[in-house]
Every structure is written in structure tokens, then in C-alpha cells.
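Remember, the working numbering sits 50 above the position in the sequence shown when you count from 1. The block underneath contains the structure these notes are about, expressed in C-alpha cells.
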Amino acid sequence: MDEKRIKLAEKNFKSYLDESKIKKVDKKDALIYKTYLRNSKESLIVADFLFKNKISSLWTVVTSYYSMFYIACAYLCNLGYKIGDEIVHQVVNESLIVQGRHKIENHFLENYGEERERALVISDNYLENYEREKAKRSSFQYQTTEEIKGNKAETSLNRAKEFVELMRQLLEDK
């Protein structure tokens, strides 16, 4: 992830805090946190079912993304952030870059003995994959052919499985 993208995320995150699109709260809401975890798990199960049974490439991509989105929301909630109602997907994306990048990097340093530069590359890859899936979900829902959707659904599902597993590990590390 290039420095320009990171700076933009930091600027946007600060702006979202100032505009109350995301708020720092004293205590996380346990019910909302559990709901995010449950929604993430359910979305991933549905995505896997849709893909394995060749029911819908579109909804495999959409539900794969939502499994990632919900676990990212759980992560932010666990850090004490409450997400507002406006441009939620963009707020979560920018917030995840700012609040999750170094935590992911440290996770790979501590748990897998990765060297610092390699851990940072891995961390950035996860965040970039999240961002790609966010964009893909939007374009697939509104403007992509069935043939293209079929070719991309498996990638989305695999990225979602990896991302959700990583975020669950981060939540357990806390």
C-alpha cells in the first residue's frame, strides 16, 4: 500500500471522526459486536454454499464481501469505535487501514516470525484485498456480465475466508 493511499486513509479517518461518521466510545456494545461476528460467519457460510452449489456467482461475491465487511466492523467495534449511518462501507474501509494496518503487521511478526518488511507487505495485501472486494461487490451488482462473475467468484470467496480468519485471530489476540 503506497504512502499516498495511507495518508488519504488517515485524512479521511480524521474527517469521519470530526463528522461523527465514526465515533470513539468508552465501551463497546457487546450485542452489536456479537451481531457483527454472527453476520460475518453467516455470510461466509452462505457464500460457500452458493459457490459450491453453483447457484449464483453474483451472490457469492456479494456475500463473500459482506463476511469481510462484518468482521471488519467487529474489529473496529472491539477497538471502541461505533460506525455511523453514512457512507458506511467507505468509513469502514478507511478506518480499517488506519486502525488495523500495524496490528495485522504485528500479528505476522509475532505469530509467524516474518521479518518486518515482509509482515508489512502481507498486512497491506490483506487490506488491499478488502478494498478490491469492496469495489468488486459494487461493480458486480450493477454492471458485470455473468461470465466475468463466474470467473471472479472463487477468488472473492477465498479472499473472504483468509480475511475473516485473520481478523478472528486479531480479535483473539487482544
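Every residue gets a Cβ at the ideal spot worked out from N, C-alpha and C, and that includes glycine. Quantities reported herein were computed from a predicted structural model and do not represent experimental measurements.
Check                                                                                                                       : Outcome
Host alpha helix (DSSP H) of Lys132 (start-end)                                                                             : Not the alpha helix (DSSP H): Lys132 falls in the beta strand (DSSP E), residues Tyr131 to Ile133.
Chain-order list of residues whose beta-carbon lies under 6 Å from that of Asp68 (same chain, five-residue window excluded) : none
Residue from Tyr116, Gln149 and Gly200 with nearest C-alpha to Lys278                                                       : Shown here, the chain extends from 51 to 224; a query on residue 278 therefore has no answer.
Simplified DSSP assignment, three categories, for Lys73                                                                     : strand
Beta strand (DSSP E) runs wholly inside the stretch 105–187, at least 3 long, in chain order                                : 131–133
Other residues of its chain near Ala59: CB distance less than 6 Å, five sequence neighbours each side excluded              : Glu144, Ile147 and Val148
Closest by C-alpha distance to Thr205, when choosing among Thr113, Glu165, Ile82 and Ser90                                  : Thr113
Whole-number beta carbon distance between Gly130 and Lys74, since they are thought to touch under 8 Å                       : 6 Å
Beta carbon of Ser90 nearer than 8 Å to that of Tyr115                                                                      : no
Element boundaries [alpha helix (DSSP H), containing Asp98]                                                                 : Ala80 to Lys102
Closest by C-alpha distance to Tyr83, when choosing among Val171, Leu126 and Leu108                                         : Leu126
Euclidean distance between Cα positions of Val142 and Asp98                                                                 : 24 Å
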